[in-house]
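Comments concern the structure below.
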Amino acid sequence: ARAQAMEVDGSPDVTYDDIGGLEAQIREVREAVEEPLINAEQFREVGIEPPSGVLLHGPPGTGKTMLAKAVANETDATFIKMAGSELVRKFIGEGARLVRDLFELAADREPAVIFIDEIDAIAAKRTESKTSGDAEVQRTMMQLLSEMDGFDERGEIRIIAATNRFDMLDRAILRPGRFDRLIEVPNPDFDGRTRILEIHTEQMELADTVELSSIAGKTDGLSGAELASLATEAGMFAIRDQRTTVTEADFDDALEKIEDGTEGGSVPVA
Ligand code: ATP
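Taking UniProt numbering, the leading residue of the sequence shown gets 135, the next gets one more, and so forth.
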């Protein structure tokens with residue numbers, strides 16, 4: 135089960151340059167995660183504990199996973215991902231053991247970045263979730279807290295968690311020594327959207343008339359993930375039309391399609 139429950143990547147290929155519009159968040163992540171990994175010895179000499187865990191929170195598809203992968207890449211650390219929702223849905227009865235395995239694996243492979251996606255699935259307030267009253271989910275969370283409380287002995291392991299539902303979290307996981315560094319990762323603003331569109335059209339054959347800033351102006355409220363699929367969809371419209379060059383009209387068509395797809399009755403995927 136361990137193999138399926140965790141995604142292990144010895145050298146993730148995401149870099150900070152691949153991430154659009156999150157300059158402040160990149161800076162914070164570097165300070166809280168990268169510095170302690172690179173200068174572990176210095177932290178030891180000065181005698182301070184680096185922030186234990188970093189919690190990234192914000193809407194889906196804004197680059198939280200990318201940030202965690204980019205840190206691992208930059209520090210030559212192993213990237214180990216576990217999805218909270220899978221622990222609850224797929225690996226019933228095994229949660230606590232898998233959390234223990236997760237930290238053991240990280241210790242074997244250090245330096246390592248542990249990324250726990252959708253942490254709300256195992257760390258929701260009792261009142262807010264049907265599953266959190268579940269004794270098994272509680273046990274999984276207790277195991278995570280105890281692993282984190284014994285963290286300083288563990289050497290070069292940093293832990294990053296992510297959630298789309300910050301308000302649902304049990305405050306116990308935010309105490310000092312646990313996820314005590316919070317970083318909000320919002321939907322991109324105009325400049326962020328322009329940059330994200332640049333990144334995702336870099337390999338595309340765009341008509342000279344395409345103004346990415348104009349497309350950014352029309353896409354307020356879209357996430358990075360949605361902008362990435364917008365670019366792909368625009369390319370599909372060009373292909374349908376037997377063209378190799380993508381026009382701004384293709385982006386407009388793609389936008390219409392994406393907005394049709396998201397409007398009315400769509401439920402965010404957990
Ligand atoms: P979730 O909360 O749904 O897990 P997330 O915040 O972890 O989402 P990512 O998995 O990092 O989002 O992003 C999904 C994809 O969307 C990326 O692989 C990338 O193609 C695109 N993307 C999202 N945000 C950005 C960004 N800021 N810059 C460039 N691409 C982005």
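Note that the Cβ used here is the ideal one computed from N, Cα and C, for glycine as well.
Helix, strand or coil at residue i according to DSSP, with G and I counted as helix
i           : result
LEU278      : helix
VAL188      : strand
PRO146      : coil
residue 410 : What the structure shows of the chain is the stretch from 135 to 404, and residue 410 is not part of that stretch, so it cannot be assessed.
ASP314      : coil
GLU390      : helix
ILE153      : coil
ALA257      : coil
LEU308      : helix
GLU141      : strand
LEU361      : helix
residue 408 : Residue 408 lies beyond the range of the chain shown here (135 to 404); nothing can be said about it.
Reference residue i, options the options, closest by Cα
i           : options                        : result
PHE213      : SER219, ALA202, VAL222         : ALA202
ASP143      : VAL163, VAL222, ARG223, LEU239 : LEU239
SER140      : SER186, GLY155, PHE249         : It is worth fixing the name first, because residue 140 is Met in this sequence and not Ser. When each option's Cα is compared against that of MET140, the closest is PHE249.
ARG223      : LEU389, PRO185, SER186, GLU270 : GLU270
GLY155      : ILE373, ARG377, ALA350, LYS215 : ALA350
ILE182      : LEU190, ALA166, PRO194         : ALA166
THR274      : LEU356, VAL205, LEU236, LYS198 : LEU236
LYS259      : SER280, GLU175, ARG292, ARG299 : ARG299
GLU220      : ASP251, GLY195, ARG231         : ASP251
LEU340      : GLU179, ILE291, THR381         : THR381
LEU361      : ILE333, VAL344, ALA383         : ILE333
ARG164      : MET276, GLN176, TYR150         : TYR150
ALA206      : ILE392, PRO170, ARG309, ASP386 : PRO170
PHE324      : SER347, ILE253, GLU157         : SER347
residue 466 : GLU228, GLN159, SER145         : Because the chain is modelled from 135 through 404, residue 466 falls outside the range shown and cannot be assessed.
Residue range of the unbroken alpha helix (DSSP H) whose run includes residue i
i      : result
ARG329 : 324-335
SER348 : 346-351
THR379 : Counting along the chain, THR379 falls outside any alpha helix (DSSP H), and DSSP gives it neither H nor E.
Residue i, enclosing beta strand (DSSP E) - first and last residue
i      : result
ILE250 : 246-251
Beta carbon proximity, residue i to chain D, threshold 8 Å
i      : result
VAL180 : No chain D is part of this structure, which consists of one protein chain only.
Legend entry - alpha helix (DSSP H) runs contained entirely in the stretch 157-237, provided each spans 4 or more residues: Taking only runs of at least 4 residues, the alpha helix (DSSP H) segments lying wholly in the stretch 157-237 are 157-163, 169-172, 174-180, 198-208, 218-223.
Inset, instruction - Inspect the CB distances between the stretch 187-207 and the stretch 311-318 and report whether three or more fall short of 8 Å. - result: At 8 Å Cβ cutoff, the stretches touch.
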